[in-house]
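In the working numbering, the protein residues as written are 6 to 54. Glycine residues also receive a C-beta, built at the ideal position from the N, C-alpha and C atoms. These numbers come from a predicted model, not from an experiment.
If you want it as structure tokens, here you go:
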């Protein structure tokens, strides 16, 4: 593992985070109480969901 993590999100959510200067998470993240992140080897499965 190289230490890189990924967050799969929409372009709109990315633009909002950039404008605010922070990422507050998605509705799913808020519901679950943590920000969902993926390692490179998990991305294919994450994107398939």
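So the alpha helix (DSSP H) residue 35 belongs to, where does it begin and stop?
Taking the chain shown and counting its residues from 1, the one referred to as residue 35 is at position 30. Note, residue 35: alpha helix (DSSP H), 32 to 37.
Does the Cβ-Cβ distance between residue 10 and residue 52 come in under 9 Å?
As a position in the chain shown, residue 10 is number 5, starting the count at 1. As a position in the chain shown, residue 52 is number 47, starting the count at 1. Not in contact: residue 10 and residue 52 (Cβ atoms no closer than 9 Å).
Between which two residues does the alpha helix (DSSP H) holding residue 20 run?
As a working mapping, residue 20 is identified with position 15 in the chain shown. Here the alpha helix (DSSP H) through residue 20 covers 16 to 25.
If distances are taken between C-alpha atoms only, which option among 7, 13 and 37 comes closest to residue 48?
In the chain shown, residue 48 corresponds to position 43, counting from 1. Selected option, being the one with the closest Cα: 13.
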